[in-house]
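Numbered by the numbering used here, the letters in the sequence shown go through residues 33 to 262 in order. Quick notes on the structure that follows.
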Amino acid sequence: MLWQMAEILVIEDEKDIVETLEYNLKKEGYKVAKAYDGPTGLRLAEEKIPSLVLLDLMLPGLDGLEVCRRIKKNPKTSAIPVIMLTAKGSETDKVVGLELGADDYIVKPFSIKELIARIKTILRRYEKPAEMPKAVIKFKDLEIDTDKHEVRAAGKLIELTAKEFQLLLYLAENKERVFSRERLLDSVWGIDVAIETRTVDVHMRRLREKLGKAGDHLVTLRGVGYKFHV
Ligand code: CA
Numbered sequence: 033m034l035w036q037m038a039e040i041l042v043i044e045d046e047k048d049i050v051e052t053l054e055y056n057l058k059k060e061g062y063k064v065a066k067a068y069d070g071p072t073g074l075r076l077a078e079e080k081i082p083s084l085v086l087l088d089l090m091l092p093g094l095d096g097l098e099v100c101r102r103i104k105k106n107p108k109t110s111a112i113p114v115i116m117l118t119a120k121g122s123e124t125d126k127v128v129g130l131e132l133g134a135d136d137y138i139v140k141p142f143s144i145k146e147l148i149a150r151i152k153t154i155l156r157r158y159e160k161p162a163e164m165p166k167a168v169i170k171f172k173d174l175e176i177d178t179d180k181h182e183v184r185a186a187g188k189l190i191e192l193t194a195k196e197f198q199l200l201l202y203l204a205e206n207k208e209r210v211f212s213r214e215r216l217l218d219s220v221w222g223i224d225v226a227i228e229t230r231t232v233d234v235h236m237r238r239l240r241e242k243l244g245k246a247g248d249h250l251v252t253l254r255g256v257g258y259k260f261h262v
């Protein structure tokens, strides 16, 4: 397979920031696409299917949250990781952005070094599914057999429903990564299913009950979502 250069789409209306980003990203060996407003950004995301999107929140045309929502809703672009560039101290934007499916955020003014490090981490994470998955995933007291669809906690076989199993496996495969309820619904239940986010909470509660002590791996981040903690 040919080595392909990762392309990063920058959606940001402040020209100075775009220039700085473009210069530094190219120096790191990335291809760069640019959009100075929301609608153009969305169009380019769909046309180019970049490896990652850097998304400013305050944008002309369509704001960043709306752009993020549409990228993550469109099956063509939903797998593209998004890093939001947020204004300092804007907690609500961060939470809403993560709820909408953004993968990370960085607060302005940011250090280029830090941003590049985040980009690399996310791109590495997204490359992962190409690796051969292991049949049995083990965490201390918890064993997930992906072939047999069996889960053992402290050596004891745990009866899980199909959805509980999928939810646990999804979180465990993406350990330490935080997922909003919406994101879990999309990934585990499917994007077109009209169910309430509360469903996720209910499944999570049952999973914890069934897993007993091993249920401690499942961590709630209040107001944000869930993660599998090792
Ligand atoms: Ca802006």
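Where is the CB? At the ideal position from N, CA and C, for every residue including glycine.
Cβ-based burial, residue i [other Cβ within 10 Å; buried from 16]
| i | result |
| --- | --- |
| E196 | buried |
| P107 | exposed |
| R75 | exposed |
| W35 | At W35 the pLDDT is 47, less than 50, meaning the model places this residue with poor confidence; the figure from the coordinates comes in the next sentence. Classification of W35: exposed, given that the 10 Å Cβ count is below 16. |
| M33 | Residue confidence is low: M33 scores 32 on pLDDT, short of 50, so the model does not pin down where it sits. Its coordinate-derived value is still stated next. Classification for M33: exposed. |
| G257 | buried |
| A2 | Lying outside 33 to 262, the shown extent of the chain, residue 2 is not represented and no answer is given. |
| E146 | exposed |
| K104 | buried |
| L130 | buried |
| I227 | exposed |
| R101 | buried |
| G244 | exposed |
| P92 | exposed |
| H181 | exposed |
Beta-ladder partner(s) of residue i, from DSSP
| i | result |
| --- | --- |
| E228 | Looking at the DSSP assignment, E228 forms no beta bridge with any residue, so it has no partner. |
| K245 | Looking at the DSSP assignment, K245 forms no beta bridge with any residue, so it has no partner. |
| G257 | L253 |
| T118 | V139 |
| E175 | K170, R184 |
| L41 | A65, V85 |
Closer than 7 Å: residue i CB and nearest ligand 1 heavy atom
| i | result |
| --- | --- |
| M37 | no |
| L86 | no |
| M236 | no |
| E51 | no |
| E98 | no |
| D45 | yes |
| R57 | It is Leu, not Arg, that sits at residue 57 in the sequence shown. The answer is no for L57. |
| L253 | no |
| L91 | yes |
First through last residue of the beta strand (DSSP E) which encompasses residue i
| i | result |
| --- | --- |
| E182 | 182-185 |
| K66 | 63-67 |
| K188 | 188-190 |
| E205 | E205 -> not in any beta strand (DSSP E); alpha helix (DSSP H) instead, spanning 194-205. |
Boundaries of the alpha helix (DSSP H) in which residue i is found, first to last residue
| i | result |
| --- | --- |
| V127 | 123-131 |
| I49 | 47-59 |
| I112 | Counting along the chain, I112 falls outside any alpha helix (DSSP H), and DSSP gives it neither H nor E. |
| V99 | 96-105 |
| L74 | 70-80 |
| E214 | 213-216 |
Distance between beta carbons of residue j and residue i, contact taken as under 8 Å
| i | j | result |
| --- | --- | --- |
| L89 | D125 | 6 Å |
| M37 | G61 | 7 Å |
| I112 | L84 | 7 Å |
| T178 | A167 | 6 Å |
| L239 | L250 | 6 Å |
| E214 | G133 | 7 Å |
| K207 | F260 | 5 Å |
| R157 | I115 | With 8 Å as the limit, R157 and I115 do not qualify as a contact, their Cβ atoms being about 12 Å apart. |
| L41 | G73 | 7 Å |
Closer than 8 Å to chain D by CB, residue i
| i | result |
| --- | --- |
| L189 | In the displayed structure, chain D is absent; only one protein chain is listed. |
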